[in-house]
Amino acid sequence: MAVVASSEALAAEYDCVVVGAGPVGLAFAMEMAQLDRTVLLVDAGDLESGKRNVVAPSTQRTEIVDAARHAPLELTTRQGIGGTSWLWGGRCVAFEPIDFEVRDFVPEGEWPITIDDVAPWYAAAASHLDCGSAVFRSDKPDWEGLNDFTMSNLERWARRPKLGPRLGARVVAHPSVSTLMSTRLERIDFAADGSVAALVVNREGAPARLRAKSYVLAMGGLEIARFLLGVQHERPGSFGGVDGPLGRYYMGHATGSIAEIVLDDPTRAADLDFVRDEFDTYIRRRFTLSEEAQRRHRVLNTSFYLDNPPFYEYQHRNATLSLVFLGLVIPPVGRAILAEGIRLRHIGPRPYRIGAHIRNILRRPLRAVTDVSDVILRRYVSPVRKPGFILRNDGGRYALHYHAEQLPNAESRLRLSQADGVSKLEVDYRYLEKDIDSLLRCHELLDQELRSAGIGRLEYLAPDAASVRAMAWEQSTDGFHSIGTTRMSNNPTDGVVDRDCRVHGTSNLYLATSGVFPTSAEANPTFLAATLAVRLAHLLAAQPEQITVEAAPVRA
Numbered sequence: 001m002a003v004v005a006s007s008e009a010l011a012a013e014y015d016c017v018v019v020g021a022g023p024v025g026l027a028f029a030m031e032m033a034q035l036d037r038t039v040l041l042v043d044a045g046d047l048e049s050g051k052r053n054v055v056a057p058s059t060q061r062t063e064i065v066d067a068a069r070h071a072p073l074e075l076t077t078r079q080g081i082g083g084t085s086w087l088w089g090g091r092c093v094a095f096e097p098i099d100f101e102v103r104d105f106v107p108e109g110e111w112p113i114t115i116d117d118v119a120p121w122y123a124a125a126a127s128h129l130d131c132g133s134a135v136f137r138s139d140k141p142d143w144e145g146l147n148d149f150t151m152s153n154l155e156r157w158a159r160r161p162k163l164g165p166r167l168g169a170r171v172v173a174h175p176s177v178s179t180l181m182s183t184r185l186e187r188i189d190f191a192a193d194g195s196v197a198a199l200v201v202n203r204e205g206a207p208a209r210l211r212a213k214s215y216v217l218a219m220g221g222l223e224i225a226r227f228l229l230g231v232q233h234e235r236p237g238s239f240g241g242v243d244g245p246l247g248r249y250y251m252g253h254a255t256g257s258i259a260e261i262v263l264d265d266p267t268r269a270a271d272l273d274f275v276r277d278e279f280d281t282y283i284r285r286r287f288t289l290s291e292e293a294q295r296r297h298r299v300l301n302t303s304f305y306l307d308n309p310p311f312y313e314y315q316h317r318n319a320t321l322s323l324v325f326l327g328l329v330i331p332p333v334g335r336a337i338l339a340e341g342i343r344l345r346h347i348g349p350r351p352y353r354i355g356a357h358i359r360n361i362l363r364r365p366l367r368a369v370t371d372v373s374d375v376i377l378r379r380y381v382s383p384v385r386k387p388g389f390i391l392r393n394d395g396g397r398y399a400l401h402y403h404a405e406q407l408p409n410a411e412s413r414l415r416l417s418q419a420d421g422v423s424k425l426e427v428d429y430r431y432l433e434k435d436i437d438s439l440l441r442c443h444e445l446l447d448q449e450l451r452s453a454g455i456g457r458l459e460y461l462a463p464d465a466a467s468v469r470a471m472a473w474e475q476s477t478d479g480f481h482s483i484g485t486t487r488m489s490n491n492p493t494d495g496v497v498d499r500d501c502r503v504h505g506t507s508n509l510y511l512a513t514s515g516v517f518p519t520s521a522e523a524n525p526t527f528l529a530a531t532l533a534v535r536l537a538h539l540l541a542a543q544p545e546q547i548t549v550e551a552a553p554v555r556a
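Taking the UniProt record's numbering, the leading residue of the sequence shown gets 1, the next gets one more, and so forth.
What follows is the structure in C-alpha cells.
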C-alpha cells in the first residue's frame, strides 16, 4: 500500500505497529512484510523529510552537557522515510564472537545473546542495507609476521547509503505495509497487566489510539530513550525504576588519528584500500586485534585503517586534497557532497588557509582535476558508490585512523528534566580514562608488531606521551552511534529489554535500536541493529493470531 490517511490506516488490520522509518525500522518492516505479516509504519516526518534535511523538533528540547564530546542532534538525526540513513556513510561491520562474550576487564558488559543468535540473520540484514553479502571475513592471507593482529575482518559498504529512495520505496509500496506519515507518538496506554493497550499518536492535531498485537519503537537510540524516560516520569516503577538502567550506559566510539603508519613496502597500501568485490560492493580490510590478543592484553576491541592526511592541513602539499578541501569549505557545495557532521570534521577549525591550499593546487592542477573527477564519477554517478579514496604515495606514509570500543559507564547517561511543562533531554555523554588507556595500548601493540615483522612502523603526531594522550582526548567525540541507553539483559534490574528486545514487564512492546547493545564493540552499530530487527520480525511473525487496529477518540 502507499502512504495512507489516518482513517484508511486505522480501519485496517495489522500484525504490528512500528514507529520510526529509519534504517532499522525499515529493515524490520520489510522483513515482516516478506513474512506475510501486515505492518503499520508510523513516522513523524514525511517522504521528503530526509531529502530536505528536516530535523526533528525534539532537537530543540535537548541540552548537550559537554559539546566537546557529543555532536549536536541536528547533525546526527533525521526524520521521515530513510531517517538517519540520509546522514549515513554506509559502513556495515559485523560484531565478532568476543563482543558478545563475558570479559572480566569489561564490567557490566554482559550480553544475554551470543553470535549464534544473530549470525543466521546477517544475510537478510545485508540485503536490506544493500551491502552485497554477509561475508565479513577475507580469505586473503594476513601479512607475514602478524600475530596479535589480523587483516581478515572486513567492512562492507552499502551501494547507496541513503535508504529512502530504495528500501524505503519498497517498504511503502509493499502490499502488506501501510504508512502513516507526519504522525507523532505521544504516549503509551498500558493495560492492568502491564501490556500495551494502545499507542496514542497525534497527526495534524488529531489524536488517536493505535491498537495492535505488538508494537515496535524504532525512532533511534536517543529518541526512544527520550520517550521512555517520559513514560517513566508518569510511571516511576517502569523500566527498572528512576535509578535503574534506562538512559544509562550511553556509548559510541573513540575515533580519530594520533599517528601515521609508514610501510616499508609502499605497495602494501593496496591491501588496505577500498576494493569492489565479486558481490559488486566495496569492501576494505583493516587491522584488528585477535580475540586471544584482546584477552591477553586486556584491551577493548579496536580497528585501524589507512586514511589520507586531514584535508584542512595544507602542509600535506597535495593538490587533490586541497581541491577537495576548497569544495567542502563552501557550505552549499560541501553539504551536497557530505553529511554536515562529516563535512565539518574534514574542513577542521578556523582560520581556513585558503591561499595555501590554492598554492597546493597550482603545483599539480591537472592531477587535482583528474583525481577529483574520478572521485565524483565513482562516488556520485556510479550505481555502486565508492565510499572513499586513498591517495597512494611512494613514501608509504598514511594517516592511521582508529575506531575503538568504549567501556559501559552508568554515569554516561541521558536524563529528562521538566520546566514550565516542557521536557528537555539532558545528554551527559562521557569517556573514561580507561577508554583512552586501551586505544593507546592498541597503538603500541600495532607498532611493536609492524616493527618486529619488518613491515613498517607508527610515528605519532605529537612529541611525547602526554601530548599524544591529550590528542586522543581531544578527538574523543561521538553522538552518531547511540548505544546502550536501553540495554538488553536477562534481569529486569540490569536492562530495559530482554534477549528478544521485548521491554521487561510487558508482553508486546519491543525496541529496534542499537540502544539495546550492552557493549559497543569496535563495529559501527547499524548492521547489528538491522540484524536484530530482522531477528525480531521472525520472532513476532511466529506468534499466532492477528487483531484489529482501531482508533478511538482521545480527550485532550
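Ideal placement from N, C-alpha and C gives every residue a C-beta, glycine not left out.
Open item on the list: Would the stretch 29-37 count as touching the stretch 71-90 if we require 3 or more Cβ pairs under 8 Å?
Closed with: no
TODO: Kindly identify the DSSP beta-bridge partner or partners of T259.
DONE: Here residue 259 corresponds to residue number 259 of the sequence shown, with the count starting at 1. Correcting the residue type first, residue 259 is Ala in the shown sequence and not Thr. Looking at the DSSP assignment, A259 forms a beta bridge with L400 and Y460.
Task: Neighbour-count burial assignment, P107, 16 or more Cβ in a 10 Å radius - done: Numbered from 1 along the sequence shown, position 107 holds the residue referred to as residue 107. Classification for P107: exposed.
- [ ] Apply the 10 Å Cβ neighbour rule to K162 and answer buried if 16 or more other Cβ atoms are within range, or exposed otherwise.
- [x] Start at 1 with the first residue of the sequence shown, and residue 162 comes out as number 162. Classification for K162: buried.
Task: Within 7 Å, strictly: CB atoms of G396 and P266 - done: Here residue 396 corresponds to residue number 396 of the sequence shown, with the count starting at 1. Here residue 266 corresponds to residue number 266 of the sequence shown, with the count starting at 1. Cβ distance < 7 Å, so G396 and P266 count as in contact.
TODO: Just tell me which of E48, W143 and L246 has its CA closest to the CA of S412.
DONE: For the purposes of this step, residue 412 is taken as the residue at position 412 of the sequence shown. Nearest of E48, W143 and L246 to S412, Cα basis: L246.
Task: Contiguous beta strand (DSSP E) assignments of at least 3 residues, all confined to the stretch 444-516 - done: 456-460 and 509-511
- [ ] Would you identify the three-state DSSP class for I81, choosing helix, strand or coil?
- [x] Counting from one through the sequence shown, the residue named residue 81 turns up at place 81. In this structure, I81 counts as coil in the three-state DSSP scheme.
Task: W111 in three-state terms, based on DSSP - done: Within the sequence shown, residue 111 is the residue found at index 111, counting from 1. Coil, per DSSP.
Task: Three-state secondary structure (DSSP) of H538 - done: Walking along the sequence shown from the start, residue 538 turns up at place 538. Correct three-state label for H538: helix.
Task: Run of the beta strand (DSSP E) containing R184, from where it starts to where it stops - done: Along the sequence shown, read from residue 1 onward, the residue named residue 184 stands at position 184. Counting along the chain, the beta strand (DSSP E) containing R184 begins and ends at T183 to F190.
Task: Per-residue burial, V17 [other beta carbons within 10 Å of its own, 16 or more giving buried] - done: In the sequence shown, residue 17 corresponds to position 17, counting from 1. The residue is buried, with at least 16 neighbouring Cβ atoms inside 10 Å.
Open item on the list: Which same chain residues end up closer than 7 Å to V554 when comparing Cβ atoms and leaving out the 5 residues on each side of it in sequence?
Closed with: As a first step, residue 554 is located in the sequence shown; it is residue number 554 there, counting from the start. The predicted model places V554 with a pLDDT of 40, which falls under 50 and marks its position as unreliable, so this point remains unresolved.
Open item on the list: Considering Cα atoms alone, identify which of A119, G168, T150 and F100 is closest to K51.
Closed with: Here residue 51 refers to the residue found at position 51 of the sequence shown. For the residues A119, G168, T150 and F100, the minimum Cα distance to K51 belongs to G168.
Task: Distance between E444 and S417 (C-alpha atoms, nearest Å) - done: Start at 1 with the first residue of the sequence shown, and residue 417 comes out as number 417. Start at 1 with the first residue of the sequence shown, and residue 444 comes out as number 444. Whole-angstrom Cα-Cα distance: 43 Å.
Task: Own chain partners of E433 with C-beta closer than 7 Å, once the 5 adjacent residues on each side are dropped - done: To locate residue 433, count along the sequence shown from 1; it is residue 433. Result list for E433: empty, nothing under 7 Å.
Open item on the list: Starting from I64, trace the beta strand (DSSP E) in both directions and tell me its first and last residue.
Closed with: Position 64 of the sequence shown holds residue 64. Unbroken beta strand (DSSP E) run through I64: T62 to I64.
Open item on the list: By the DSSP assignment, the alpha helix (DSSP H) with L228 in it spans what residues?
Closed with: In the sequence shown, the residue the question calls residue 228 occupies position 228. It spans G221 to E234 - the alpha helix (DSSP H) in which L228 sits, taken as one unbroken run.
Task: Straight-line Cα distance separating G240 from Y250 - done: Start at 1 with the first residue of the sequence shown, and residue 250 comes out as number 250. Start at 1 with the first residue of the sequence shown, and residue 240 comes out as number 240. Looking at the two C-alpha atoms, the distance is approximately 16 Å.
TODO: Give the single residue among W473, L536, I354 and F136 whose Cα lies nearest to the Cα of C501.
DONE: Sequence index remark: in the sequence shown, residue 501 carries index 501 (1-based). Checking every option, the nearest Cα to that of C501 belongs to L536.
Open item on the list: So, with DSSP's three-state summary, where would you put H70?
Closed with: On the sequence shown, position 70 is the one that residue 70 refers to. If DSSP states are grouped into helix, strand and coil, H70 belongs with the strands.
Task: F325 versus P112: straight-line alpha-carbon distance, rounded - done: Counting from 1 along the sequence shown, the entry for residue 325 is found at position 325. Counting from 1 along the sequence shown, the entry for residue 112 is found at position 112. In a straight line, the C-alpha of F325 is about 46 Å away from that of P112.
Task: Cut-off 8 Å between Cβ atoms - residues of its own chain near A542, not counting five sequence neighbours on either side - done: For the purposes of this step, residue 542 is identified with residue 542 of the sequence shown, where counting begins at 1. Here the set comprises nothing.
Open item on the list: Using 8 Å as the cut-off, can you tell me whether the stretch 359-373 makes contact with the stretch 273-283, which would need three or more C-beta pairs spanning the two stretches below that distance?
Closed with: no
- [ ] Within 10 angstroms of the Cβ of V102, are there 16 or more other Cβ atoms? Answer buried if so, exposed if not.
- [x] Residue numbering aside, residue 102 sits at position 102 when the sequence shown is read from its first letter. It is exposed - the Cβ of V102 has fewer than 16 other Cβ atoms within 10 Å.
- [ ] Kindly indicate which residue of A44, W121, G230 and I98 has the alpha-carbon position closest to the one of K424.
- [x] Position 424 of the sequence shown holds residue 424. Ranking A44, W121, G230 and I98 by Cα distance to K424 puts G230 first.
- [ ] Please confirm if the stretch 318-334 is in contact with the stretch 351-367, defined as three or more CB-CB distances below 8 Å between the two stretches.
- [x] yes
Task: Cβ-Cβ separation, Y402 to G256 (assumed contact under 8 Å), whole Å - done: Here residue 256 refers to the residue found at position 256 of the sequence shown. Here residue 402 refers to the residue found at position 402 of the sequence shown. Contact holds; Cβ gap of about 7 Å.
Open item on the list: Taking the alpha carbon of A225 as the reference point, which residue from G244, S214 and P23 has its own alpha carbon closest?
Closed with: Working through the sequence shown from its first residue, we reach residue 225 at position 225. It is G244 whose Cα lies nearest to the Cα of A225.
Open item on the list: Let me check understanding here. Comparing Cα to Cα, which of T77, R91, S467 and L35 lies closest to R160?
Closed with: Within the sequence shown, the letter at position 160 stands for residue 160. The candidate whose alpha carbon is nearest that of R160 is R91.
TODO: Could you pull out every unbroken alpha helix (DSSP H) segment of at least 4 residues lying fully inside the stretch 259-324, listed in chain order?
DONE: 291-297
Task: 7 Å Cβ cutoff met for L511 and L217 - done: Stepping through the sequence shown from its first residue, residue 511 is reached at position 511. Stepping through the sequence shown from its first residue, residue 217 is reached at position 217. Closer than 7 Å, so yes.
Task: For C131, three-class secondary structure by DSSP - done: For the purposes of this step, residue 131 is identified with residue 131 of the sequence shown, where counting begins at 1. In this structure, C131 counts as coil in the three-state DSSP scheme.
Open item on the list: Given a cut-off of 7 Å on the beta-carbon distance, is the pair E426 and R415 in contact?
Closed with: As a first step, residue 426 must be located in the sequence shown, where it is residue number 426. As a first step, residue 415 must be located in the sequence shown, where it is residue number 415. Against a cut-off of 7 Å, the Cβ pair of R415 and E426 comes out as a contact.
Task: Beta-carbon proximity of N153 to T288, cut-off 7 Å - done: In the sequence shown, residue 153 corresponds to position 153, counting from 1. In the sequence shown, residue 288 corresponds to position 288, counting from 1. Yes; because the gap between Cβ atoms is below 7 Å, this pair is in contact.
Open item on the list: Within a Cβ cutoff of 6 Å, which residues of the same chain sit near S176, ignoring the five residues on either side of it in sequence?
Closed with: Working through the sequence shown from its first residue, we reach residue 176 at position 176. Hits under 6 Å: A33 and T38.
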